[in-house]
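Numbering (the numbering used here), first residue to last: 926 to 1447. The beta-carbon is built from N, C-alpha and C at its ideal position, and this holds for glycine as well. All figures in this text were calculated on a predicted structure; none of them were measured in a lab. What follows is one structure encoded as structure tokens, with my remarks underneath.
This is the structure we're talking about:
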């Protein structure tokens, strides 16, 4: 069975390399932000930054950014390094999941089925091609679980330390890591192994605590904002809409409808044949689901670590059917494999069906849960499963070049009133840093509320030299906390201050919108 694991890893490595090299889409908000943090670490390691090591990143824990930065020191500031490192973590997650399942079930067939099923979930391979923190987090969680299992409830010191070190790295990837591992670690605790547990906890403190100690206040303040529900999120915490939100995410995007049916069939079978394991896996899934359901701010990425546990149950179920009813089990497995492989190639590469061309999405409305997609190859909606690579080039670099040529070697401050995933202040800042134009600085009014007086608005605008204003869309309005001030600033600049601003350039954007560059003359 080990050879199938190697083939699986090679397949996903090649697929990701091809996708990453073909993709020309600009980095979205978080991807650009994480890349900027890594580049700032590069500057620090080269002695070109005076910022304190612990405060290069004062909200996101720095473990993954440091790894990317260390590679960039040798390769140069190549933006593809981030996605390539995420691919490495993806392969690591597959490997650790295989080892973990093999350890708990002593069954290589269940292990390879689990690894295969997990790796072909659209949400999983979609995340593996973007510089986001979820894939490293999942890999480190699975690695920690594997060594926790090998530690035999902390009786083996070496494996206990490995488990805690990987947990420390997970906590230094995202601070919510402890939520995903809380139940497995609690159930492994035994007073008789207190010494090994104490040494293992000491490893966490030594590795993780310094960064959290320095940045605790800022983390707390940012978390208060991050946990606030956006307008597209359920607004009433104790409501049916809130409780089924992640059920809809799992059904439509993470597992898809077929995976959800298999999961619901698999859990009772797993509990019946492997009572202790089945209950513990179910408990972890339910615990993670409830915790993030009770957090007002919603994001499909929050529950990505549920997928390895769901994959374990589904794989065990399929293997059990094959063992009991060979031909039925093989037939079901072939159909499931065909379904996910078709999705993989259509979503990733547009073959044999390109979502951008056919724009085909169909759904059925079910009681309680609402609309469920039974096929999602929509031009826009399929991107929520896993986006196809994009060959269209956006004009960020051209805009930076044009602005830099107007006042070369003079500090230029630019206000950004557009916040799309493909075009925003973060990726403009990133491309500015890549082009090494230190004189252009970009701002976005993220923390501003609408101005109460015109004079205050004018005083704010007077600080800038240029402003970029979209013609049609600011971005995904339901997710923009600063939408009100964006609308206010655009309305004032475009309609009420023609003598104080001058239109100097217009850029046509690939999404059909236009971007206007105004010079501020306050």
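Can you check DSSP and say which residues form a bridge with residue i?
i: residue 1433; result: 1439
i: residue 1427; result: 1444
i: residue 1302; result: 1285
i: residue 1452; result: With the chain running from 926 to 1447 in the structure shown, residue 1452 is simply not present.
Determine the extent of the alpha helix (DSSP H) in which residue i is found, giving its start and end residues.
i: residue 927; result: 927 to 947
i: residue 1079; result: Segment: none, residue 1079 is in no alpha helix (DSSP H) and carries neither H nor E.
i: residue 1347; result: It is not in any alpha helix (DSSP H) - residue 1347 carries neither H nor E in the DSSP assignment.
i: residue 1055; result: Counting along the chain, residue 1055 falls outside any alpha helix (DSSP H), and DSSP gives it neither H nor E.
i: residue 1169; result: Looking at the DSSP string, residue 1169 is not in any alpha helix (DSSP H), and its letter there is neither H nor E.
i: residue 1308; result: Taken as a continuous stretch (DSSP letters only), residue 1308 belongs to no alpha helix (DSSP H), as it is neither H nor E.
i: residue 1329; result: 1321 to 1331
i: residue 1109; result: 1102 to 1112
i: residue 989; result: 988 to 1000
i: residue 1386; result: 1379 to 1386
Considering just the uninterrupted stretch of the beta strand (DSSP E) at residue i, what are its terminal residues?
i: residue 951; result: First-last for residue 951: undefined, no H or E at that position.
i: residue 1339; result: 1337 to 1341
i: residue 1365; result: 1365 to 1368
When the Cα atoms are used, what is the spatial distance from residue i to residue j?
i: residue 951; j: residue 1249; result: 50 Å
i: residue 1316; j: residue 1305; result: 15 Å
i: residue 1445; j: residue 1407; result: 21 Å
i: residue 1073; j: residue 1409; result: 49 Å
i: residue 1342; j: residue 1399; result: 7 Å
i: residue 1276; j: residue 1270; result: 6 Å
i: residue 1434; j: residue 1226; result: 28 Å
i: residue 1298; j: residue 1067; result: 30 Å
i: residue 1334; j: residue 1328; result: 11 Å
i: residue 1348; j: residue 1186; result: 38 Å
i: residue 1102; j: residue 954; result: 22 Å
i: residue 1027; j: residue 1065; result: 17 Å
i: residue 1116; j: residue 1078; result: With a pLDDT of 44 at residue 1116, under the threshold of 50, the modelled position of this residue cannot be trusted, and the question is left open.
i: residue 1389; j: residue 1415; result: 14 Å
i: residue 1231; j: residue 1170; result: 15 Å
i: residue 1108; j: residue 1234; result: 13 Å
i: residue 1216; j: residue 1178; result: 20 Å
i: residue 1365; j: residue 956; result: 21 Å
i: residue 1239; j: residue 1113; result: 24 Å
i: residue 1141; j: residue 1100; result: 11 Å
i: residue 986; j: residue 1411; result: 30 Å
i: residue 997; j: residue 1016; result: 20 Å
i: residue 1008; j: residue 932; result: 21 Å
i: residue 1279; j: residue 1309; result: 15 Å
i: residue 1439; j: residue 1104; result: 43 Å
i: residue 1381; j: residue 1392; result: 17 Å
Helix, strand or coil: which one does DSSP assign to residue i?
i: residue 1395; result: strand
i: residue 1204; result: helix
i: residue 1174; result: helix
i: residue 1180; result: coil
i: residue 1248; result: helix
i: residue 1242; result: helix
i: residue 1224; result: coil
i: residue 981; result: coil
i: residue 1316; result: coil
i: residue 1005; result: coil
i: residue 1406; result: coil
i: residue 1117; result: Note that residue 1117 scores a pLDDT of 42, beneath 50, so its modelled location is shaky; the value from the coordinates is reported in the next line. Helix, per DSSP.
i: residue 1261; result: helix
i: residue 965; result: helix
i: residue 975; result: coil
i: residue 1047; result: helix
i: residue 1020; result: helix
i: residue 1361; result: coil
i: residue 1413; result: helix
i: residue 1012; result: helix
Does the distance from the C-beta atom of residue i to that of residue j stay below 9 Å?
i: residue 1369; j: residue 1384; result: no
i: residue 970; j: residue 994; result: yes
i: residue 1011; j: residue 1060; result: yes
i: residue 1273; j: residue 1042; result: no
i: residue 1428; j: residue 1441; result: yes
i: residue 1053; j: residue 941; result: yes
i: residue 1284; j: residue 1345; result: no
i: residue 1098; j: residue 1070; result: no
i: residue 1032; j: residue 1244; result: yes
i: residue 1322; j: residue 1356; result: yes
i: residue 974; j: residue 983; result: no
i: residue 1002; j: residue 1359; result: yes
i: residue 1045; j: residue 1036; result: no
i: residue 1172; j: residue 1294; result: yes
i: residue 1413; j: residue 1367; result: no
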